[in-house]
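Student:
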Amino acid sequence: MLQRSHNETGCIYVLPVLVLIGLWGFSAPVQAQPEVAGDPVDVSMDFQKLENMYFVGDQVTQFDPSTGKGTLQWNRHRRSTSLSFNKIDLPYTRAESSEFPATEYDRDPALPFEVSFVSPRTVRLRFGSRDHDLGDGQSLMLDGPVSSSDAWTVTRSDSVVTYESDHGEVRLIKDPWHIEFYDGNGNLLTRTQTLGDSKTIAAPMPFAFVRKAEDFSRSFAASFKLTHDEKIFGGGESFTRLNKRGQKMNVSIRDAMGAQTPLMYKPIPFFLSSEGYGMFTHTSAPVTFDFGNSFDGRNTIYSGDDTLDLFIFLGEPKDVLSEYTAVTGRSPVPPLWSFGFWMSRITYESEEQVRTVADQLREYEIPSDVIHLDTGWFETEWRNNYKFASSRFDDPEQMMADLNDQGFHLSLWQLPYFTTKNDLFDTIVENDYAVTNRGGERPFESAILDFSDPEAVDWYEGKLTGLLEQGVSVIKADFGENAPWHGVYESGATGYYEHNLYPLRYNQIVWDLTKEITGDGIIWGRSAWAGSQRYPLHWGGDAGNTNSAMAATLRAGLSFGMSGFTYWSHDIGGFPNAPSKDLYRRWLGMGIFTSHIRAHGQPPREPWEYGEEFTDMYRRSLETRYRLMPYIYAEANKASEEGHPMLRSLFFEYPDDPTSWTIDDQFMLGSKLVVAPLFESSDTRDVYLPPGTWIDYQTGEVYEGAQWHELTAGDIPVIALVKNNTALPHIGLAQNTANMDWSEIELRVYSTNGEQATTRFALPNGELHSLSLEANEQGEYSLETDPLSGEVSWEI
C-alpha cells in the first residue's frame, strides 16, 4: 500500500506503509516474506490467508473401539473480516459449500482417523484430510515397522471411549470432539483444542486442516492445551532459549550460518513437555511449532503434510526419550577413538602440514586421536573431487599408515554439491545424478546429488570407497541443508517432502559405507532430521567466536539431546575467526566434558601457537578427559542403550526439582557429573546444584544441592562436580585411546558419608557392568563383587 506525504517544501513523496491486520489469536501481522532459495517454509502462514478454506474437527461420526478406527467430521469455516472500533479482526465463521456442482462435494466432510497404541506409554494418532486409507505410515524416519501394544484396556459409553494402561489414559470424546491425555495418576496432561475452548475473546487456532486455494493441497494445525507454567524442550539443535515456551519454531532444515539465529542445521519435529509427555510429528514435510507464541494457552503443530501422523509419549523426560527413540531408532556407540581429541583447522592443505601437526601433538604431549583435513586437500580448495592434491600430497596412503602408527585416525571433509568448475560436474549432470529444477531441467550452476536415486548413490559410494580403502577413518558429511525445495527427485517427490529427508539419506549412506569398509560406524555430520540419530555423530556448525555464541552452542547441544540424539560435538573456540586465548581456554573447558571434542576453525588452533602457558593448560585439560575415558565410555554405552543424551540438562536427571527445569547454561555429562562452563572472563560464577550432595572434581570441596553457590574453577577452566557416593573410574594416561591399558582401572570414590558408592564400567567393545563399592568401619572402600572376574585390576 502506498501513502502520499508532503514535506516542508510542498513536494510529494510516496512512502511504503505496512498494513497491520489484527488477527484473533495471532500476535504478528501478516507480512510478505521473500522467497529466498533454501529458506525454511513456515506452514502456519497457510492458516492466515482469507482465500483458504478451513475445516475444524467437530464430532466423531463413526468409531470402532476395538480397532481404533473411525471417521471425524470437519466443519467448514472461513477467516472473515470483522470491524470493531477502527480495527479489523479475522475470526472464524461457518461457511457454506462453494463448490459446483454441490452434489459432488461435501460441505463438512467425514474423514478417516485412527487411534493406536505402540507401547504402554506411546499413543499414535492419524488423521486424513482426504477420504483415503491412512496406510501403515512407514518411512525412513522410523526404525522399522511400528509395533503394537495390547497393554491398553478399553471402556466405552455413548459419548466417551477410554483407553487405559499402567502409565496413562486416553479419552476420546465424541461430541464435541476432543482427545485427552492423562498420566498414571489421573492428571490431565493435555487435550486437543477446538473453537470455544480458549474461553477468551480471542479465537486461537483450533485443531483443523486447511485446503489451500493455490493448489488444493492440505496442511494441518494440531492444537493442544498448554498449562500456565508448562515448559517445552526439543525441536532439534536450536540455538534459542532452551525452554521453547513462547517461541515459534520453523522445523525445516537450513544452513543456520552460525549459532545465534532461529535457523537450524538439525531441526527435529519432536518435543517434550514438563507436564509429562512428548510428541513426534511423523513427516518430512515442513513443520512449524507454535509453543504458545500466538496464544499463550495453546500449542499448535502446523504440518504441511496432508496426513497428520502424531506419536504421543507419556512419562518423565527419560521415559519420553526412550519411547521416542524406540520408534525412530537409537544411536549406536561410536568407536572408542572418536571420544578422543580431534585436531583440526580450516585447513591443513599438504602432507607436510599434516605430518608436522601430528609430530607436534606428540612432541607437546597433547593427547589426541584424530587429525581432520577440511576444505583444502584438493588441488583447488573447496572443489571437492575426492582426490588428494598430487602437488601437495606425495603418498596419501603411506601418510595415513604412518599416522596410524602414531595413534592417529584421519578425517576428511567433503560435500555433495558440485559447481560447474568441478571436473565431476559434467558426469553428474549427464548421468542425471543431480536434483532437477521444478521444470525437470538439469542444473546449470550447482549440481546437488540426488540421494533418492540409487544410481547416484552407487556413484557417490564409489568415490568414498576409494578413500576409505586408502585408510581414511571418518568422512565429514558437511552441508546437506540446501536440497532444493522446488526440485524434482528420483523418488518421485518434490523438495517439499525430500528437502528435510536429504540429511537423513546423506547420513545413512556415509555411515553405512564407513561401517562396511572400516568396521567403525561413524560420520561427522552437520545436518540431520528425525532418524539421523541412528548414524552418529553430529557437530554444532559454524558458531561465532563470542561468549554469546558459546552459550548458544551449549543450548543447542542440550536441545539436540532432548531431541533423541546421544552424541554431539562443537568447534572449540568458535569457527569464523581465530579465538582469543581467554575464549579458547574456557570453551576447551566446556568441551572436555561433552561427548566428543574437536578444535576447528580459522587458524591458529594448535595450542602451541598460543604460547607455553596456554599449551600447559591445554595439555592438563585433555589429560583430564583421557583419564576419565572409562566413565565417558561407560556412560556412552548406557545412553545408547536407553536412547538418552550424554550431554543432558539438569532436569533430565532431576525432573522433580523445579529449578533444574530453568537452567540452560549448565549440563550433566552422563548421570554423575554436573558441569558449569565459564561464559565470561572470570573463573568464578554462580552454579546451581540439583538436590543431593556434590563434590568439586578439582578441589574436593563439598556442597549441598537444591541451591546456588558461587564457585571458582581450578586448574582446568571449568567447574565440575561429582554426585555424592560415586566411584568415578579413571585410567592411566595415554597419548591416544589405542594405547590405554584397560587392565588397570582406578576407582576414585567421592563420598561424604561412607555409604555405598556406585558407577558403571565397560571394556572397549565389551558389556556394560554396574559396580558397587562398600566401606568398612575405617571408611576404606572395596568392590562388592567383581563382574569381570579378575580381568581388570581395580585400584580404589
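Heads up: the sequence shown begins at -13 in this note's numbering, then just goes up one per residue.
We put the beta carbon where it would ideally sit given N, CA and C, even for glycine.
1. Quick test of the definition: if touching needs 3 or more C-beta pairs under 8 angstroms, does the segment 418 to 436 touch the segment 350 to 370?
2. Taking only three categories from DSSP, how would you classify serine 545?
3. Indicate the three-state DSSP secondary structure (helix, strand or coil) for glutamate 621 in the structure shown.
4. For a test of the three-state rule: what should DSSP assign to phenylalanine 579, helix, strand or coil?
5. Among Gly182, Arg331 and Gly283, whose alpha-carbon lies nearest the alpha-carbon of proline 562?
6. Quick check: what's the CA-CA separation for tryptophan 845 versus phenylalanine 195?
7. Does glutamate 781 come out as helix, strand or coil in the three-state DSSP assignment?
8. I need the straight-line Cα distance from serine 478 to aspartate 436, nearest angstrom please.
9. Could you check which residue in Asp117, Trp680, Pro677 and Val661 has the C-alpha nearest to that of arginine 671?
10. Tell me which residue opens and which closes the alpha helix (DSSP H) that threonine 139 is part of.
11. Take the Cβ of serine 259 as the centre, count every other Cβ of all protein chains shown within 10 Å, and call the residue buried at 16 or more, exposed below.
12. Tell me which same chain residues have a C-beta within less than 6 angstroms of the C-beta of glycine 629, skipping the five on either side of it?
13. So for leucine 1, helix, strand or coil by DSSP?
14. In the structure shown, what three-state DSSP assignment does threonine 451 receive?
15. Is it buried or exposed, leucine 36, if we count other Cβ atoms within 10 angstroms and call 16 or more buried?
16. By how many angstroms is the C-alpha of phenylalanine 747 removed from the C-alpha of tryptophan 10?
17. What is the rounded straight-line gap between the Cα of tyrosine 492 and the Cα of isoleucine 298?
18. Where does aspartate 292 land, buried or exposed, given buried means 16+ other C-beta within 10 angstroms?
19. Take phenylalanine 411 and list the residues in its own chain whose beta-carbon comes closer than 6 angstroms to its own, dropping the five residues that flank it on each side.
20. Quick test of your reading: tyrosine 149 and tryptophan 138, contact by CB under 8 angstroms. State the CB separation rounded to the nearest angstrom.
21. Among Ser68, Glu760 and Pro320, which one has its Cα closest to the Cα of proline 522?
22. With 16 as the cutoff for other CB atoms within 10 Å, does isoleucine 702 come out buried or exposed?
23. Relative to the C-alpha of proline 272, which residue among Ser238, Ile254 and Met654 is closest?
24. Pull up the distance between the alpha-carbon of histidine 755 and that of proline 773, whole angstroms please.
25. Does the beta-carbon distance from leucine 569 to glycine 559 come in below 8 angstroms?
26. Quick one: is serine 768 buried, meaning 16 or more other Cβ sit within 10 Å of its Cβ, or exposed?
27. Threshold first: 4 residues or longer. Then list the alpha helix (DSSP H) segments lying entirely within the segment 328 to 383, N to C.
28. Sorted by chain position, which residues of the same chain lie with C-beta nearer than 8 angstroms to glutamate 351's C-beta, five sequence neighbours on each side aside?
29. Roughly how many angstroms separate the alpha carbons of phenylalanine 193 and glycine 123, rounded to a whole number?
30. May I ask you to list the residues that DSSP assigns as paired with glutamine 800?
31. Is it right to say tryptophan 728 is buried, meaning 16 or more other beta carbons lie within 10 angstroms of its own, or is it exposed?
32. Given this structure, state the Cα-to-Cα distance separating histidine 214 from serine 125, to the nearest angstrom.
33. Leaving aside the five residues before and after glutamate 770 along the sequence, list all residues of the same chain whose C-beta is less than 6 angstroms from its C-beta, in chain order.
34. Leaving aside the five residues before and after phenylalanine 665 along the sequence, list all residues of the same chain whose C-beta is less than 8 angstroms from its C-beta, in chain order.
35. For glutamate 200, name the three-state secondary structure that DSSP assigns.
36. Put methionine 31 into one of helix, strand or coil per three-state DSSP.
Tutor: Taking the coordinates as given:
1. no
2. Taking the first residue of the sequence shown as position 1, residue 545 is located at position 559. Collapsing the DSSP output to three states places serine 545 in a helix.
3. Along the sequence shown, one-based indexing puts residue 621 at 635. Of the three classes helix, strand and coil, the one that applies to glutamate 621 here is helix, per DSSP.
4. Stepping through the sequence shown from its first residue, residue 579 is reached at position 593. Coil at phenylalanine 579, not helix or strand.
5. As a working mapping, residue 562 is identified with position 576 in the sequence shown. Of the listed residues, the one whose Cα sits closest to proline 562 is Arg331.
6. There is simply no residue 845 to check, as the chain begins at -13 and stops at 782 in what is shown.
7. Your numbering for residue 781 matches position 795 in the sequence shown. DSSP places glutamate 781 in strand when its eight states are reduced to three.
8. What you label residue 478 is simply residue 492 of the sequence shown in a count that begins at 1. What you label residue 436 is simply residue 450 of the sequence shown in a count that begins at 1. According to the sequence displayed, residue 478 carries glycine and not serine. For glycine 478 and aspartate 436, the distance between alpha carbons rounds to 11 angstroms.
9. Taking the first residue of the sequence shown as 1, we reach residue 671 at position 685. Residue Val661 is the option with its Cα nearest to arginine 671.
10. If you number the sequence shown from 1, residue 139 lands on position 153. No alpha helix (DSSP H) holds threonine 139; the beta strand (DSSP E) holding it covers 139 to 142.
11. Counted from its first residue, the sequence shown places residue 259 at position 273. Answer is buried; the Cβ neighbour count reaches 16.
12. As a working note, residue 629 is residue 643 in the sequence shown. Once the five neighbours on either side are set aside, the close Cβ partners of glycine 629 are Leu307, Ser308, Thr311 and Arg316.
13. Locating residue 1 in the sequence shown gives position 15, counting from the first residue. Residue placement at leucine 1 cannot be trusted, given a pLDDT of 37 that sits under 50; the coordinates are not used to answer.
14. What you label residue 451 is simply residue 465 of the sequence shown in a count that begins at 1. Secondary structure at threonine 451: helix, using DSSP grouped into helix, strand and coil.
15. The residue labelled residue 36 in the question sits at position 50 within the sequence shown. Label assigned to leucine 36: exposed.
16. In the sequence shown, the residue the question calls residue 10 occupies position 24. In the sequence shown, the residue the question calls residue 747 occupies position 761. With a pLDDT of 40 at tryptophan 10, under the threshold of 50, the modelled position of this residue cannot be trusted; read the value that follows with caution. Taking the straight line from one Cα to the other gives about 57 angstroms.
17. Position 506 of the sequence shown, counted from the first residue, corresponds to residue 492. Position 312 of the sequence shown, counted from the first residue, corresponds to residue 298. So the two alpha carbons sit approximately 28 angstroms from each other.
18. Translated into the one-based positions of the sequence shown, residue 292 becomes position 306. Residue environment: aspartate 292 is assigned as buried (16 or more neighbouring CB atoms within 10 Å of its CB, all protein chains considered).
19. For the purposes of this step, residue 411 is identified with residue 425 of the sequence shown, where counting begins at 1. Cβ within range, chain order: Phe404 and Ala433.
20. Working through the sequence shown from its first residue, we reach residue 149 at position 163. Working through the sequence shown from its first residue, we reach residue 138 at position 152. With a contact defined as Cβ atoms closer than 8 angstroms, tyrosine 149 and tryptophan 138 qualify at about 5 angstroms.
21. Start at 1 with the first residue of the sequence shown, and residue 522 comes out as number 536. If we check each option's Cα against that of proline 522, Pro320 comes out closest.
22. Within the sequence shown, residue 702 is the residue found at index 716, counting from 1. Its Cβ being crowded by 16 or more others within 10 Å, isoleucine 702 is buried.
23. Within the sequence shown, residue 272 is the residue found at index 286, counting from 1. Ranking Ser238, Ile254 and Met654 by CA distance to the CA of proline 272 puts Ser238 first.
24. The residue given as residue 755 occupies position 769 in the sequence shown. The residue given as residue 773 occupies position 787 in the sequence shown. One C-alpha to the other measures close to 7 angstroms.
25. Taking the first residue of the sequence shown as 1, we reach residue 569 at position 583. Taking the first residue of the sequence shown as 1, we reach residue 559 at position 573. Closer than 8 angstroms, so yes.
26. Counted from its first residue, the sequence shown places residue 768 at position 782. By the 10 Å Cβ count, serine 768 comes out exposed.
27. 337 to 349
28. As a first step, residue 351 is located in the sequence shown; it is residue number 365 there, counting from the start. Correct list, in chain order: Arg605 and Gln721.
29. Counted from its first residue, the sequence shown places residue 193 at position 207. Counted from its first residue, the sequence shown places residue 123 at position 137. Whole-angstrom Cα-Cα distance: 21 angstroms.
30. This structure does not reach residue 800, given that the chain is present from -13 up to 782, and the question cannot be answered.
31. As a position in the sequence shown, residue 728 is number 742, starting the count at 1. With 16 or more other Cβ atoms within 10 Å, it is buried.
32. Position 228 of the sequence shown holds residue 214. Position 139 of the sequence shown holds residue 125. In a straight line, the C-alpha of histidine 214 is about 36 angstroms away from that of serine 125.
33. Stepping through the sequence shown from its first residue, residue 770 is reached at position 784. Ser758 and Glu760.
34. Within the sequence shown, residue 665 is the residue found at index 679, counting from 1. Closer than 8 angstroms at the Cβ level, and outside the excluded window around phenylalanine 665, lie Asn533, Met536, Ala537, Arg572, Asp651 and Arg671.
35. Taking the first residue of the sequence shown as position 1, residue 200 is located at position 214. Reduced to three states, the DSSP call for glutamate 200 is coil.
36. Counting from one through the sequence shown, the residue named residue 31 turns up at place 45. If DSSP states are grouped into helix, strand and coil, methionine 31 belongs with the helices.
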